[in-house]
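Right, one structure below, let's go through it.
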Amino acid sequence: MASRRESASRAAAFFHRRTRVEWVLLLAAVVVVTAVVARFDWFERADLALLDFAVASQPHAPRNDIVLVAIDDASIGAIGRWPWRRTVLASLIDHIAADKPRVIGMDVILSEPDIRYPADDMELAQAIARARNVILPVVAESGVAGPVMRHPLEAFAATNGHINMSVDADGVARSVYLREGDADSPPVWHFSAAMAAFGQASPPSPESFRHERARRIDSAGWISQDRLRIPFAGPPGTFERVSVLDVLSGQLGAGFFRGKYVIVGAMATGIGDVFATPVSRDGRGMSGVEILANALQALRDGTGIVRIPDLAKWFATLLPVMLAALAAWMLTPRDALIAVAVLVAALIGGSIMLVGSMQLWFAPSAAVFGCLLVYPLWSWRRQEAALRFLSEELARLVREPGLLGAPTRVDHSLDGRMQAVYDMTARLRDMRRFLSDGLESLPEATVICNLDGGILVANRRAVALVPVVLQGINDLPQPAGLGDLPSAGAYADAYADAYADAYGGLDRPGLPDIIETLFPVPGPGLAYWDALCGALDADAPVMSSSDSHGVELATEDDRRYLLHGAPLHGETGRPAGVIVSLIDITTVRRAERQREQTLHFLSHDMRSPQASILALIDLQARPERALTQPELLGRIGEHAHRTLALADDFIRLAQAESQNLAFSEVDLTALVLDATDELWALAKTRGIELRLDLDGDGVTLRAAPALLVRAIANLVSNAIKFSPDGSPVTVGLRRLGPYMAIEVTDLGTGIAPEAQARLFRPFSRVHAPASDAPSGSGLGLVFVKTVAERHGGRVMLRSAAGEGATFSIWLPLRSRAG
1 MASRRESASR AAAFFHRRTR VEWVLLLAAV VVVTAVVARF DWFERADLAL LDFAVASQPH
61 APRNDIVLVA IDDASIGAIG RWPWRRTVLA SLIDHIAADK PRVIGMDVIL SEPDIRYPAD
121 DMELAQAIAR ARNVILPVVA ESGVAGPVMR HPLEAFAATN GHINMSVDAD GVARSVYLRE
181 GDADSPPVWH FSAAMAAFGQ ASPPSPESFR HERARRIDSA GWISQDRLRI PFAGPPGTFE
241 RVSVLDVLSG QLGAGFFRGK YVIVGAMATG IGDVFATPVS RDGRGMSGVE ILANALQALR
301 DGTGIVRIPD LAKWFATLLP VMLAALAAWM LTPRDALIAV AVLVAALIGG SIMLVGSMQL
361 WFAPSAAVFG CLLVYPLWSW RRQEAALRFL SEELARLVRE PGLLGAPTRV DHSLDGRMQA
421 VYDMTARLRD MRRFLSDGLE SLPEATVICN LDGGILVANR RAVALVPVVL QGINDLPQPA
481 GLGDLPSAGA YADAYADAYA DAYGGLDRPG LPDIIETLFP VPGPGLAYWD ALCGALDADA
541 PVMSSSDSHG VELATEDDRR YLLHGAPLHG ETGRPAGVIV SLIDITTVRR AERQREQTLH
601 FLSHDMRSPQ ASILALIDLQ ARPERALTQP ELLGRIGEHA HRTLALADDF IRLAQAESQN
661 LAFSEVDLTA LVLDATDELW ALAKTRGIEL RLDLDGDGVT LRAAPALLVR AIANLVSNAI
721 KFSPDGSPVT VGLRRLGPYM AIEVTDLGTG IAPEAQARLF RPFSRVHAPA SDAPSGSGLG
781 LVFVKTVAER HGGRVMLRSA AGEGATFSIW LPLRSRAG
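Numbering (the UniProt record's numbering), first residue to last: 1 to 818.
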């Protein structure tokens, strides 16, 4: 037995170690794959799509100091086709400069002289000089040796900025590089950066703006530095826009451009650049002028979107993967799936929230891929491990002897192994049901305890006996790993260790709890349990069930039980538990008491009057001591009547204690009246007034009417006997909560408290020693108590020496008679 258990333990430990190693290897592989995916941006398009969603779903208000002056269709229709003469541009600059704007950005390429109207260049140069705050664009064009910068004409003498756009792999413009150029010349600042830094005392530097440090060199040696991811304020048309025609015609009020950033650019159909952006809608692109305005706002507000630091990126990428792997290891498949879904949602939601709240960008696709990769891979390994475990366990069960009757051949497919497990568990359920039914069928209340007294199993009779203690005890889970034990003895031998390991922290009820709850005097029961535990000590000799005869205990309602225990041994001979029975011997003790009462009745109460009659006859045979005939007949009649009364009382008590009584619906008031009517004549002879105080008219309950009338009559008769002549006796009927109380009150000598306990014992008479005490059998109050209890009620007494007595029969309105 021990070797089989050790072998099973070693197999389980090996299985656990193997599973843990597989989990570590799987985690390492997934972490490596995730790191590679993150390093090479395999899911860059998915990350960019998420970035677009984050930007588009969280718009913000445009700055009110940025104004677009649009070269639109209306202006071209009024002024003429594009390109216009440069005198028009000069006039436009003069009109705008008159309002003293902060800076004017002319997004119009002026890198070549006007051949047709040379004088226009001079006029435009003079307008730029007068304004002194104009920014002109620089463009990069392909040359023989590579890209070259095309600057505006030197005559225009304005601050320059490049207007190159950075388009991602999916063709969407999301960012610009603040500085661009080749290796042989200083880099040129972006147009929007030149406008944002205009008027500062010192030239702009990368530290002047929030940006992402980046450096890109293309194949031709073109260098782009300091990336600005643009948090677009909204879709096209978000920024305030006016037409060139409105500016030249003077329709705008004076001071309209004061202190503002003004960007002039082409927005008419067919001219200017149009790009797809994250906020583009319905296939509409955004003009280059509007992109410049968004970039300018990002630089001025410091809201450029930047990637999180590399250390934080790797932490945020790999930690969720490890958490997903940990959840797959520790949780059930369902809970692990939920945990992975929560992690994926947190990654995506957190990335979106970072963009909107802190302008930080974390690409979550690699981490999401790693989390989604963990679950199916570990589920596959877990399924393989489960199948391997099932195969090994089934093979071990096939080799085990016992009642299971396991199949000798198992189909090694998944369906075959599942069917084999189903067949085996069905056999185990049948065996458990067989053992459980056997325990439930025991005729006595039985519990199985561990050596500490904790209740492991209890049958229905035990639960019904002490429901407040044992309710739900059989619903507690049983320790796992015991189904492979081949016999009940092995089961018992292993139960203690398995229980301690699995449920050591559960608050299971114990046998001492039952003893203390059920019996008002638990001392003998607890002493017996302690003695039994001492005999079951590991160092003590093995104890058989015949070594203990149990101990008899009494409940509050005087039911008698025999507490008897026997050891439950394992195959090693070591006690593993105790089987304890509570045998109801109330019927046996009641039969013994009735036999004793019958013997007492026959040997004393019935024999005494008959002996007196014989003594009178012997006395009459002696002439010198003979009584007169009337006196003799009177004494013989007295003894005969006493014998008859004793016999009647004894028969009534026997009937009241019988198991079969005929109950019917009766009117309780009518029963009380019937009982008092019987005693009316007796009361009249003593001059005693019978007073009725009945407030229960119409109350019906189930009762045995003849017995109940006799019980009430006994109380009234006793009250009349023990009352002084001429005093009243009150018979009352009243409702007390769920009870109806029949009360009989007299003004007699009363009963001392120390004598009240003896009233309801058979053949016990409290006033018997007194010379003037009325005659009686000592069975009347026993009969009353028995009748009340058979109706589910009880008898109450309220009395004191010299103060009279009140006897009450309390009957439940919903009778529990039986």
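Note that beta-carbon positions come from the ideal geometry of N, C-alpha and C, so glycine has one too.
Cβ separation of residue i and residue j, assumed to be a contact under 8 Å, to the nearest whole Å
| i | j | result |
| --- | --- | --- |
| serine 357 | alanine 54 | Serine 357 to alanine 54, Cβ: 10 Å. No contact. |
| alanine 129 | alanine 157 | 6 Å |
| phenylalanine 807 | leucine 797 | 6 Å |
| glycine 802 | glycine 750 | 5 Å |
Cβ-based burial, residue i [other Cβ within 10 Å; buried from 16]
| i | result |
| --- | --- |
| threonine 269 | exposed |
| proline 724 | exposed |
| isoleucine 115 | exposed |
| phenylalanine 369 | buried |
| arginine 86 | buried |
| phenylalanine 232 | buried |
| residue 820 | Residue 820 is absent from the model: the chain starts at 1 and stops at 818. |
| aspartate 558 | exposed |
| serine 57 | exposed |
| leucine 617 | At residue 617 the sequence reads isoleucine, which differs from the leucine that was named. Exposed, since its Cβ has fewer than 16 Cβ neighbours within 10 Å. |
Check whether residue i and residue j have beta carbons under 8 Å apart
| i | j | result |
| --- | --- | --- |
| arginine 227 | glutamate 212 | yes |
| isoleucine 583 | glutamate 689 | no |
| serine 285 | alanine 298 | The sequence as given places glycine at residue 285; serine does not occur at that position. Not in contact: glycine 285 and alanine 298 (Cβ atoms no closer than 8 Å). |
| leucine 296 | serine 224 | no |
| serine 243 | aspartate 47 | no |
| alanine 98 | leucine 245 | no |
| leucine 813 | proline 738 | yes |
| valine 172 | aspartate 52 | yes |
| glutamine 359 | glycine 304 | yes |
| valine 744 | alanine 719 | yes |
| glycine 687 | leucine 747 | no |
| valine 279 | isoleucine 263 | no |
| serine 111 | proline 152 | yes |
| cysteine 371 | alanine 312 | no |
| isoleucine 455 | glycine 510 | yes |
Whole-angstrom distance between residue j and residue i, CA atom to CA atom
| i | j | result |
| --- | --- | --- |
| proline 520 | proline 512 | 13 Å |
| arginine 334 | leucine 377 | 15 Å |
| valine 729 | leucine 518 | 41 Å |
| glycine 550 | arginine 432 | 29 Å |
| alanine 214 | serine 249 | 45 Å |
| alanine 538 | valine 578 | Bear in mind that the predicted position of alanine 538 carries a pLDDT of just 49, short of 50, making it too unreliable to give a figure here. |
| asparagine 294 | proline 137 | 17 Å |
| valine 247 | valine 69 | 8 Å |
| leucine 562 | leucine 532 | 14 Å |
| proline 147 | valine 188 | 13 Å |
| phenylalanine 198 | valine 134 | 9 Å |
| arginine 590 | serine 727 | 40 Å |
| tyrosine 177 | aspartate 218 | 13 Å |
| isoleucine 67 | tyrosine 117 | The identity of residue 67 in the sequence shown is valine, whereas the question assumes isoleucine. Valine 67 and tyrosine 117: Cα-Cα distance of roughly 30 Å. |
| alanine 328 | methionine 322 | 10 Å |
| arginine 18 | alanine 339 | 24 Å |
| arginine 102 | lysine 260 | 5 Å |
| glycine 255 | aspartate 65 | 12 Å |
| proline 753 | leucine 759 | 11 Å |
| glutamate 440 | glycine 416 | 36 Å |
| alanine 502 | glycine 349 | Note that alanine 502 scores a pLDDT of 44, beneath 50, so its modelled location is shaky; the value from the coordinates is reported in the next line. Alanine 502 and glycine 349: Cα-Cα distance of roughly 41 Å. |
| valine 588 | arginine 560 | 9 Å |
| glycine 302 | proline 186 | 25 Å |
Coil, strand or helix - residue i by DSSP
| i | result |
| --- | --- |
| alanine 703 | strand |
| glutamate 552 | strand |
| leucine 372 | helix |
| threonine 19 | helix |
| alanine 538 | Bear in mind that the predicted position of alanine 538 carries a pLDDT of just 49, short of 50, making it unreliable; the figure below should be weighed with that in mind. Of the three classes helix, strand and coil, the one that applies to alanine 538 here is coil, per DSSP. |
| tryptophan 189 | strand |
| alanine 773 | Residue placement at alanine 773 is poorly supported in this model, since its pLDDT is 46, which falls under 50; the coordinates are not used for a value here. |
| arginine 734 | strand |
| alanine 711 | helix |
| arginine 235 | The sequence shown places proline at residue 235, not arginine. Here proline 235 sits in coil by DSSP. |
| tyrosine 503 | The predicted model places tyrosine 503 with a pLDDT of 42, which falls under 50 and marks its position as unreliable; any figure quoted below should be read in that light. It is helical. |
| alanine 158 | coil |
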